[in-house]
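Structure first, commentary second.
Number of protein chains: 2
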Amino acid sequence: MPKSVVYNGCSVGENPLCCFDDLTQEELDFVEQNSVEVEYKRGETICKQGSFASHIMVIKEGLAKIYLENGNDTLILKILPAINIIGLPSLFDGNNTFPYSAQTYMDSTVRQIEISAFKKLIESNAKFAGQVISMLAENTVIINGRFFCLTKKQTYGRLADVLLCLSNRIYKTDKFPLQLTRKDLAELASMSVESTTRILTKFKDEGLIAVHCQEIEILNADKLLEISTIG
Amino acid sequence: MPKSVVYNGCSVGENPLCCFDDLTQEELDFVEQNSVEVEYKRGETICKQGSFASHIMVIKEGLAKIYLENGNDTLILKILPAINIIGLPSLFDGNNTFPYSAQTYMDSTVRQIEISAFKKLIESNAKFAGQVISMLAENTVIINGRFFCLTKKQTYGRLADVLLCLSNRIYKTDKFPLQLTRKDLAELASMSVESTTRILTKFKDEGLIAVHCQEIEILNADKLLEISTIG
DNA sequence: TCTTTTCGTTGATCTGGATCAGGTTTTAAG
DNA sequence: CTTAAAACCTGATCCAGATCAACGAAAAGA
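Line by line, the protein sequences give chains A and B. Residue numbering for the first sequence is 725 to 955, as defined by my numbering. Residue numbering for the second sequence is 725 to 955, as defined by my numbering.
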């Protein structure tokens with residue numbers, strides 16, 4: 725199975741944010757002039773689904789979840805480490821609100837760019853527009869992968885996926901601080917907290933992971949990947 | 725709840741395809757010269773996940789499903805009536821394959837446009853690029869809605885959703901030919917064929933729909949919408 | 001310091017919906 | 001027309017995983 729067909733449940737892209745790389749100094753200044761930087765504490769809401777989307781955001785530091793909410797139900801679409809962009813889907817014609825909410829998992833720094841300035845850049849710089857297209861396209865593919873994972877895999881596969889994603893995509897090491905609670909993990913894997921606990925214990929008993937005080941270590945990534953693959 | 729937050733399970737956009745509207749005659753000729761039109765019969769595969777994406781497609785006539793496949797599992801991402809575009813997500817840098825498969829539900833006509841020509845248009849015409857961005861962004865929001873629906877609603881809500889979508893978005897009338905089999909409906913609502921049958925019978929018994937020979941009629945759209953909303 | 005939440009764990013129970021198994025009806029093919 | 005193959009329907013069973021309940025441990029607040 726080619727790599728592109730591996731559906732993983734925790735959607736984080738692999739391509740670094742590059743849409744600003746090719747801007748002229750003048751354009752960079754323009755972005756600078758039309759943006760502000762904001763510090764958020766853990767758990768704060770960066771943007772709220774349905775509210776006016778007056779800006780595109782770039783998460784410069786920290787970690788955030790992007791999610792849909794409807795009543796008491798929430799669905800995490802993806803988690804975003806720095807450096808990534810938030811709010812591109814609100815760019816479509818006739819829409820002026822955020823289609824999702826975002827909240828920080830830890831203290832984070834976010835740059836807000838006026839959406840009108842962002843749109844101006846798209847109109848005036850076709851290369852920039854091309855890169856926005858590229859980001860949107862990749863994002864679509866990534867979220868589709870998570871869509872598949874959450875609808876077709878069962879609990880063990882989903883949680884294995886989340887653990888592998890945290891290790892491979894977010895912290896980029898086998899041993900990482902567990903800054904997310906069981907509730908966070910459960911929400912990411914779209915299951916109950918109790919199931920999360922049970923499966924983590926099982927993984928621990930089988931020697932796939934080790935849980936220290938506030939740290940988690942992946943001991944057998946291959947086996948976890950197998951569990952993720954068979955679903 | 726604002727309209728944009730209504731998650732429906734059968735993702736079809738409401739905005740007509742408009743990205744070609746503002747092209748010059750010269751650009752339209754360029755598209756024409758770099759494209760071909762193909763006729764497909766019911767059930768034929770328009771594009772295959774993982775194969776080379778040498779072209780972007782426009783479905784000019786007919787109806788198709790866009791889906792992910794992995795082993796025996798398939799997940800329908802959206803269904804596309806004419807006139808809509810297929811393949812935008814394969815536009816991202818470093819990717820040259822289709823991220824999903826597509827298959828016709830009925831005899832359909834598809835125009836294939838060379839991807840290199842399409843990319844050239846994006847590079848040379850910022851307005852066109854802007855419209856591609858708009859389409860991708862809207863598509864993201866729509867698929868997220870289906871994502872939410874399939875992961876958070878239970879069977880009754882999902883099937884109600886599918887029926888409403890067929891009526892409102894695809895056929896645009898309360899009474900429409902049932903060209904999809906129970907298996908198709910089941911796949912769309914992501915449930916078993918048996919459950920689909922049972923729920924349809926229940927809806928019929930309760931007077932929400934009527935099923936004639938090869939035709940289905942929505943009798944109580946309000947009640948169906950309520951079922952869809954509460955999940 | 002003590003008290004109150006919040007977090008994590010484990011066992012018992014319940015249930016939505018899949019699966020299985022047996023039909024009939026419709027469509028397609030020979 | 002006959003036969004084979006889909007498509008459709010209905011009841012019985014089973015199971016993954018949610019929910020409920022109860023309790024210890026850690027963190028936060030007073």
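A virtual CB, placed ideally from N, CA and C, is assigned to each residue, including glycine.
* **Meets three-Cβ-pair contact criterion under 8 angstroms: the stretch 863-878 of chain A and the stretch 794-814 of chain B** => yes
Notebook entry, point to check: Going along the chain, which residues of its own chain have a beta-carbon closer than 8 angstroms to the beta-carbon of I790/A, five neighbours each way excluded?
Noted result: I800, L801, K802, I803, L804, I810, Y824, S825, A826
Applying the 10 Å Cβ sphere with the 16-neighbour rule, what's the burial state of L752/B? exposed
Check: Can you tell me whether DSSP reads P813/A as helix, strand or coil?
Finding: Of the three classes helix, strand and coil, the one that applies to P813/A here is helix, per DSSP.
Practice prompt. Establish whether the CB of E838/B and some CB of chain A are separated by less than 8 angstroms.
Written response: No, no contact with chain A.
For a contact defined as C-beta to C-beta under 9 angstroms, what are the partners of K844/B on chain A? Ordered by position in chain A, no residue passes the 9 angstroms Cβ test against K844/B, which lies about 10 angstroms from the chain.
Quick check on DSSP: helix, strand or coil for Y791/A? Looking at Y791/A - three-state DSSP - the assignment turns out to be strand.
| said: Quick check: is any heavy atom of the ligand NAD less than 7 angstroms from the C-beta of R882/A? | reply: The ligand NAD is absent from the structure shown, which contains no ligands of any kind.
Review point. Considering only residues of the stretch 878-948 of chain B, which uninterrupted alpha helix (DSSP H) runs meet the minimum length of 4 residues and lie entirely inside it, listed in chain order?
Key: 879-889, 906-913, 917-929
TODO: Determine whether the Cβ of F776/B lies closer than 8 angstroms to any Cβ atom of chain A.
DONE: no
**Q.** Residues that V762/B contacts on chain A, provided the C-beta gap is smaller than 9 angstroms
**A.** Here the premise fails: no neighbours, minimum Cβ distance about 23 angstroms.
query = Among the residues of its own chain, which have a CB less than 7 angstroms from the CB of I846/A, if the five just before and after it don't count?
reply = Within the same chain, I846/A has close Cβ partners F852, A853, V856.
Give the interface partners of K876/B over in chain A, defined as CB-CB distance under 8 angstroms, in chain order.
N794, D797, L799
- Can you tell me whether DSSP reads S840/A as helix, strand or coil? helix
Taking one C-beta from the stretch 914-928 of chain B and one from the stretch 879-893 of chain B each time, how about it: are there three or more such pairs within less than 8 angstroms?
-> yes
- Which of the three DSSP states, helix, strand or coil, is assigned to K765/B? coil
Next on the checklist: Strictly by DSSP, which residues pair up with S825/B?
Outcome noted: Y791/B
(message) Against A812/A, what residues of chain B qualify as contacts under a CB-to-CB distance less than 7 angstroms, listed in chain order?
(response) One detail in the question is off: residue 812/A reads as Leu in this sequence, not Ala. Those are A861, listed as they occur along chain B.
With DSSP run on the structure shown, which of helix, strand or coil describes D797/A?
strand
- prompt: To which residues does DSSP link V760/A through a beta bridge?
  reply: Q836/A
- Would you say L909/B and V886/B are within 8 angstroms of each other, going by their C-beta atoms? yes
CB-CB under 6 angstroms to T769/B, same chain, minus the five flanking residues each way: which ones, in chain order? Q827
*Using a cut-off of 8 angstroms between C-beta atoms, extract the partners of E847/B located in chain A.*
In chain order: A850, K851, G854.
**Prompt:** At a Cβ threshold of 8 angstroms, is F871/A touching chain B?
**Reply:** yes
| said: Using the Cβ count rule (16 or more neighbours within 10 Å means buried), how would you classify C742/A? | reply: Flag for C742/A reads exposed.
On the CB-based measure, 16 or more other CB atoms within 10 Å of its CB, does N868/B come out buried or exposed?
buried
Q) Going by C-alpha distance, which of S759/A, G795/A, E793/A, C937/A is nearest I783/A? A) It is S759/A.
| said: Assuming contact is defined by CB atoms lying nearer than 8 angstroms, are L948/B and L888/B in contact in what I supplied? | reply: yes
Worksheet item: How long is the line joining the alpha carbons of N820/A and L812/B, rounded to whole angstroms?
Response: 23 angstroms
Exercise for the section: Examine chain B for any beta-carbon lying closer than 8 angstroms to the beta-carbon of S832/A, and answer yes or no. Expected result: no
Unbroken alpha helix (DSSP H) run spanning V865/B, endpoints | 850-876
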